[in-house]
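First comes the structure, then the notes that go with it.
Protein chains: 4
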Amino acid sequence: MCRWIAYRGEMTALEHYVTEPEHSLISQSIHALESMSSTNGDGFGLGWYGQHPEPGLYREVRPAWSDENLRYLCRHLQSHLFFAHVRAATGTPITRPNCHPFACSNWMFMHNGFVSNWNRLHRQVEMLIPDALYPSRVGTTDSEAIFLALMGAGIDHPLAAAERTLSTLTDFVNQGKPGDRFRFTAALANGRDLYAFRYAVNDHANTLYYRESERGIVIVSEPLDRDHNNWVCVPENHVVVALCGERARMVPLFHRLEAAAE
Amino acid sequence: MCRWIAYRGEMTALEHYVTEPEHSLISQSIHALESMSSTNGDGFGLGWYGQHPEPGLYREVRPAWSDENLRYLCRHLQSHLFFAHVRAATGTPITRPNCHPFACSNWMFMHNGFVSNWNRLHRQVEMLIPDALYPSRVGTTDSEAIFLALMGAGIDHPLAAAERTLSTLTDFVNQGKPGDRFRFTAALANGRDLYAFRYAVNDHANTLYYRESERGIVIVSEPLDRDHNNWVCVPENHVVVALCGERARMVPLFHRLEAAAE
Amino acid sequence: MCRWIAYRGEMTALEHYVTEPEHSLISQSIHALESMSSTNGDGFGLGWYGQHPEPGLYREVRPAWSDENLRYLCRHLQSHLFFAHVRAATGTPITRPNCHPFACSNWMFMHNGFVSNWNRLHRQVEMLIPDALYPSRVGTTDSEAIFLALMGAGIDHPLAAAERTLSTLTDFVNQGKPGDRFRFTAALANGRDLYAFRYAVNDHANTLYYRESERGIVIVSEPLDRDHNNWVCVPENHVVVALCGERARMVPLFHRLEAAAE
Amino acid sequence: MCRWIAYRGEMTALEHYVTEPEHSLISQSIHALESMSSTNGDGFGLGWYGQHPEPGLYREVRPAWSDENLRYLCRHLQSHLFFAHVRAATGTPITRPNCHPFACSNWMFMHNGFVSNWNRLHRQVEMLIPDALYPSRVGTTDSEAIFLALMGAGIDHPLAAAERTLSTLTDFVNQGKPGDRFRFTAALANGRDLYAFRYAVNDHANTLYYRESERGIVIVSEPLDRDHNNWVCVPENHVVVALCGERARMVPLFHRLEAAAE
Numbered sequence: 047m048c049r050w051i052a053y054r055g056e057m058t059a060l061e062h063y064v065t066e067p068e069h070s071l072i073s074q075s076i077h078a079l080e081s082m083s084s085t086n087g088d089g090f091g092l093g094w095y096g097q098h099p100e101p102g103l104y105r106e107v108r109p110a111w112s113d114e115n116l117r118y119l120c121r122h123l124q125s126h127l128f129f130a131h132v133r134a135a136t137g138t139p140i141t142r143p144n145c146h147p148f149a150c151s152n153w154m155f156m157h158n159g160f161v162s163n164w165n166r167l168h169r170q171v172e173m174l175i176p177d178a179l180y181p182s183r184v185g186t187t188d189s190e191a192i193f194l195a196l197m198g199a200g201i202d203h204p205l206a207a208a209e210r211t212l213s214t215l216t217d218f219v220n221q222g223k224p225g226d227r228f229r230f231t232a233a234l235a236n237g238r239d240l241y242a243f244r245y246a247v248n249d250h251a252n253t254l255y256y257r258e259s260e261r262g263i264v265i266v267s268e269p270l271d272r273d274h275n276n277w278v279c280v281p282e283n284h285v286v287v288a289l290c291g292e293r294a295r296m297v298p299l300f301h302r303l304e305a306a307a308e
Numbered sequence: 047m048c049r050w051i052a053y054r055g056e057m058t059a060l061e062h063y064v065t066e067p068e069h070s071l072i073s074q075s076i077h078a079l080e081s082m083s084s085t086n087g088d089g090f091g092l093g094w095y096g097q098h099p100e101p102g103l104y105r106e107v108r109p110a111w112s113d114e115n116l117r118y119l120c121r122h123l124q125s126h127l128f129f130a131h132v133r134a135a136t137g138t139p140i141t142r143p144n145c146h147p148f149a150c151s152n153w154m155f156m157h158n159g160f161v162s163n164w165n166r167l168h169r170q171v172e173m174l175i176p177d178a179l180y181p182s183r184v185g186t187t188d189s190e191a192i193f194l195a196l197m198g199a200g201i202d203h204p205l206a207a208a209e210r211t212l213s214t215l216t217d218f219v220n221q222g223k224p225g226d227r228f229r230f231t232a233a234l235a236n237g238r239d240l241y242a243f244r245y246a247v248n249d250h251a252n253t254l255y256y257r258e259s260e261r262g263i264v265i266v267s268e269p270l271d272r273d274h275n276n277w278v279c280v281p282e283n284h285v286v287v288a289l290c291g292e293r294a295r296m297v298p299l300f301h302r303l304e305a306a307a308e
Numbered sequence: 047m048c049r050w051i052a053y054r055g056e057m058t059a060l061e062h063y064v065t066e067p068e069h070s071l072i073s074q075s076i077h078a079l080e081s082m083s084s085t086n087g088d089g090f091g092l093g094w095y096g097q098h099p100e101p102g103l104y105r106e107v108r109p110a111w112s113d114e115n116l117r118y119l120c121r122h123l124q125s126h127l128f129f130a131h132v133r134a135a136t137g138t139p140i141t142r143p144n145c146h147p148f149a150c151s152n153w154m155f156m157h158n159g160f161v162s163n164w165n166r167l168h169r170q171v172e173m174l175i176p177d178a179l180y181p182s183r184v185g186t187t188d189s190e191a192i193f194l195a196l197m198g199a200g201i202d203h204p205l206a207a208a209e210r211t212l213s214t215l216t217d218f219v220n221q222g223k224p225g226d227r228f229r230f231t232a233a234l235a236n237g238r239d240l241y242a243f244r245y246a247v248n249d250h251a252n253t254l255y256y257r258e259s260e261r262g263i264v265i266v267s268e269p270l271d272r273d274h275n276n277w278v279c280v281p282e283n284h285v286v287v288a289l290c291g292e293r294a295r296m297v298p299l300f301h302r303l304e305a306a307a308e
Numbered sequence: 047m048c049r050w051i052a053y054r055g056e057m058t059a060l061e062h063y064v065t066e067p068e069h070s071l072i073s074q075s076i077h078a079l080e081s082m083s084s085t086n087g088d089g090f091g092l093g094w095y096g097q098h099p100e101p102g103l104y105r106e107v108r109p110a111w112s113d114e115n116l117r118y119l120c121r122h123l124q125s126h127l128f129f130a131h132v133r134a135a136t137g138t139p140i141t142r143p144n145c146h147p148f149a150c151s152n153w154m155f156m157h158n159g160f161v162s163n164w165n166r167l168h169r170q171v172e173m174l175i176p177d178a179l180y181p182s183r184v185g186t187t188d189s190e191a192i193f194l195a196l197m198g199a200g201i202d203h204p205l206a207a208a209e210r211t212l213s214t215l216t217d218f219v220n221q222g223k224p225g226d227r228f229r230f231t232a233a234l235a236n237g238r239d240l241y242a243f244r245y246a247v248n249d250h251a252n253t254l255y256y257r258e259s260e261r262g263i264v265i266v267s268e269p270l271d272r273d274h275n276n277w278v279c280v281p282e283n284h285v286v287v288a289l290c291g292e293r294a295r296m297v298p299l300f301h302r303l304e305a306a307a308e
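Top to bottom, those sequences are chains P, H, X and E. According to the numbering used here, the first sequence is numbered sequentially starting from 47. According to the numbering used here, the second sequence is numbered sequentially starting from 47. According to the numbering used here, the third sequence is numbered sequentially starting from 47. According to the numbering used here, the fourth sequence is numbered sequentially starting from 47.
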């Protein structure tokens, strides 16, 4: 279980979302409220878009709450689209390449969830990564593998690629023991558009909220303040689609596939 | 607020105390029960005596709960006298030299507590360190400074040195604002004898317990299991004295000074 | 290119080999003499056998030359069989799981070398790891993958398993571009027996030396002192076999296979 | 011995100076040419001015050459005035607070040099830090202490403050053994103006060069390329003064004091 936030909107200093709010991501790193693991101290990461088409990354294995570099960067970095993530590891080592977000060309991804029985599915999921993207597999998390699988499933149509990948993973999970589960609460962006997914197989999905104003949208694992009226709770098996220049909308996952099949 | 354990007795693998118990120090690193800060994720340290007169140290800035090196070392290191400490920093940076325990010649020290208003007292405490020991001042914590002050106050008579140092610190604290406080729950050893202090000025002292058997004594911030009957609670302003080859005894602090003054 | 030493013999403190010699492994970490990369500052590791059948590991991403924990451990750890390794990374990230040595059940392995064109061969080499050992694949180096492949090739007969694995890798390399190369200078142990390999495909093999006395054998990437008369240079495509209770002997690689084929 | 660069000029991405040049600071971290220690792998740091009056800092204990965060930051951070530093430690621990640059309010400082016999002078230099600035003493280096002493010596007049501090330090050094030495090659900035000092007592001063164009000035420990004609070598006991909106000029240290004394 991890905690994350994603922002897209007017250019802003990261600190307004990552370090300053009452229940900021940093305070969630040491005391999350809506998570099974209240401590998210197994590393963290920032990813942000600037003038360069590829995002910048700052990832570190130490807990976010005590990282002085993180505070300086959140004060000094400005971005119109950024991710921040604090990690509670579910089995894979605590290394920088295993910290979220992950980047591949102009795409960026982060995840909160898990694949139960990862040892059984590990090889199958690795095989979903196309050869051309396999050199980008620098860490060992299930999250990075799923991201690269999704990249290889036709990332130019992100919703279709996500549904194709999630559908395959769902099949993998359901071929295992009855109790096998999969939770996927993830954010995906390309520098312009932002997508956030809330999905689960044989389990409850991890929480997902967003808040939107004229100035932008912020999507979070749990609200940044105690006033829950500010926040829209994303239903399970839905995706938030925040295209550049448009208001965000919530779309049920697999709806289009089902509609097309009728 | 930190958590620690100290052991003296038969040679044993560290894992039996540090990683294996139901409520081991490692589990206290992520979820302590009797502390203001339940997370002690700001680094950790081991110190142990072996064949060399000076203790070995292993200190690291990452949280103890995820450090694979720590698990290997606790399995493979055996000692008749060792310390283990998980840190919740109270202001000084998270660096290896600021992790406990501290070593100086054949002595070793670790601490759980704080000096409120450290900025006011910092210089005074530094001045308590004798010139000859000042090169051993490699970190910046109040704890290390107090240890070196105590070393310089006549360490050959550890109780007298501790009382002298604590008395001076008490004066320093009481010269400040009425609310200034000092908590000192610490362990001190020389490879043979083990001392543990529970003391506070203008405040409650941090908890201290011990359990003794034929095989040895283990002194802890909080019990390693839920059966509190196993554990003796050390009263405030007392010291546990566990001399080599003797049963431990609890001595009130400053009692001897007062007796001598009568 | 990395530097390493392996020891098997009388119980000894690691410091006599790792930190104390004139040209110790620590001094090789900052200034190696017989290597293309004179700086080996991309992490390091210790692995040692004690009372537990599985080896202990201490691995760290910081350079060996400045790690105070390493000095304490080398002074306090004693072993009859240990490995020490300083890394110069050849492409995979600098993480603890990517530092040598690697352990799997009672076996331990470390490596100095590389597979050129790793991106092409990566998937093939991963497939050599049997499913049962795939959960032990915690890092991303070619070295760990080769170790687990070797473990899966019948580790009860280590020479045959190594020859089988090296033969397969040689085929993989030769199926690529004419310039593709492979260097493999590695140590392997099970707590009793020690093996050291010097092998290369389409290239010179990295250097390997050893020194043996009544007290034990030490095998190294480059001599620990300037008196080269003390050291036996292992020829290319040979393996040093140091079985428990026997003098070491050098055996040509693939010789037995060739002999058996006649 | 360390290596550093300081830049003031048009807004630029840090990568053009820190990572891209033929003999960039990153390449100097693993192979410096004009230094006693060719490896500068004991941590590094960036400091830069942006919209906030106080500079941002990114400091890390790992070597610069392998830090992927550093590459991302150098690509994405833009600044009109920044410092970058790679460290070769001279005795104090390798911790983030001991990495350069150091910041205090709107001032920033970095240093290449040493005080020989630091153990003798340590206490005296600490005493030069005024009480009001002592809470900013978060590390243990001689460099940070000298910076805070200089801050306390009247930083509104930086040249006079530097000369006053260097004069005091020179007296300290000369009161010691005949062989005691002091080397000070340092950069100081306030977000607008940039100063760089080359000074030594009883020793040669560490090298210092600069290159100036319409676009800005870059001051370095050693040239970023092999064309030394591009670079002005700063004589010993001189300071480069690069005031905002003016061409840089070189001023002899203590000249003004001597002139005033005549």
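Even glycine gets a Cβ: it sits at the ideal position worked out from N, Cα and C.
By alpha-carbon positions, which one of the options ends up nearest to residue i?
i, options, result
"phenylalanine 155 of chain X", "X:Ile140, X:Thr138, X:Phe128, X:Tyr180", "X:Phe128"
"arginine 54 of chain X", "X:Leu196, X:Glu258, X:Phe218", "X:Glu258"
"serine 73 of chain H", "H:Trp94, H:Glu100, H:Pro109", "H:Pro109"
"threonine 58 of chain X", "X:Gly102, X:Arg261, X:Leu116", "X:Arg261"
"threonine 186 of chain P", "P:Glu100, P:Ala135, P:Gly225, P:Ser151", "P:Ala135"
"histidine 274 of chain H", "H:Gly89, H:Asn115, H:Ala52, H:His69", "H:His69"
"threonine 181 of chain X", "P:Val285, P:Asp188, P:Asn276", "Looking at the sequence provided, one finds proline at residue 181 of chain X rather than threonine. Closest by alpha carbon: P:Asp188."
"tryptophan 277 of chain H", "H:Ile265, H:Ser213, H:Gly198", "H:Ile265"
"glycine 198 of chain P", "P:Gly87, P:Leu174, P:Ser84", "P:Leu174"
May I have the straight-line CA-CA distance separating residue i from residue j, to the nearest angstrom?
i, j, result
"proline 281 of chain P", "tryptophan 50 of chain P", "17 Å"
"glycine 299 of chain X", "phenylalanine 160 of chain X", "Contrary to the premise, residue 299 of chain X reads as leucine rather than glycine in this sequence. Using only the alpha carbons, I get a separation of about 18 Å."
"alanine 251 of chain H", "arginine 121 of chain X", "37 Å"
"asparagine 236 of chain P", "glutamate 61 of chain E", "23 Å"
"phenylalanine 90 of chain X", "leucine 119 of chain H", "16 Å"
Would you grab the beta carbon distance between residue i and residue j for me? Rounded to a whole angstrom, and I think it's under 8 Å.
i, j, result
"histidine 157 of chain H", "isoleucine 201 of chain H", "About 16 Å; that fails the 8 Å criterion."
"leucine 254 of chain E", "proline 67 of chain E", "Going by Cβ atoms, the distance from leucine 254 of chain E to proline 67 of chain E rounds to 17 Å, so no, they are not a contact pair."
Quick check: does the Cβ of residue i come within less than 8 Å of any heavy atom belonging to the ligand FMN?
i, result
"valine 287 of chain P", "This structure lacks the ligand FMN, and indeed carries no ligand of any kind."
Taking residue i as the query, report the chain H residues whose CB atoms sit under 9 Å from its CB, ordered along the chain.
i, result
"arginine 133 of chain E", "Here the premise fails: no neighbours, minimum Cβ distance about 14 Å."
Going along chain H in order, which residues have a C-beta closer than 8 Å to the C-beta of residue i?
i, result
"arginine 108 of chain P", "Val107, Arg108, Ile140"
"histidine 98 of chain X", "Arg121, His122"
Enumerate in chain order the residues of its own chain whose CB-to-CB distance from residue i is below 7 Å, with the five nearest sequence positions on each side excluded.
i, result
"leucine 196 of chain X", "Ala207, Ala208, Thr211"
Sorted by chain position, which residues of the same chain lie with C-beta nearer than 6 Å to residue i's C-beta, five sequence neighbours on each side aside?
i, result
"cysteine 290 of chain E", "Arg238, Asp239"
"alanine 246 of chain H", "Arg229"
"alanine 288 of chain H", "Arg54, Leu240, Ile263, Ala294"
"aspartate 325 of chain H", "Because residue 325 of chain H is not part of the residues shown, which for chain H are 47 to 308, the question remains open."
Can you pull the chain C residues whose beta carbon is under 7 Å from the beta carbon of residue i, in chain order?
i, result
"aspartate 88 of chain X", "Absence of chain C from the displayed structure is noted, the protein chains being P, H, X and E."
Who are the neighbours of residue i on chain P, taking C-beta pairs under 9 Å?
i, result
"tyrosine 180 of chain X", "Asn165, His168, Arg169"
Once you ignore the five residues that flank residue i on each side, which residues in its own chain have a CB closer than 8 Å to its CB?
i, result
"glutamate 80 of chain P", "Thr253, Ser267, Glu268"
What residues of chain X sit near residue i, judged by a beta carbon separation below 9 Å?
i, result
"threonine 85 of chain E", "Ile76, His77, Ser84, Thr85, Gly87, Pro109, Trp111"
"tyrosine 104 of chain H", "Tyr104, Asn115, Tyr118, Leu119"
In chain P, which residues lie with their C-beta within 8 Å of the C-beta of residue i?
i, result
"aspartate 136 of chain X", "First, the residue type needs correcting, since residue 136 of chain X is threonine and not aspartate in the sequence shown. Ordered by position in chain P, no residue passes the 8 Å Cβ test against threonine 136 of chain X, which lies about 14 Å from the chain."
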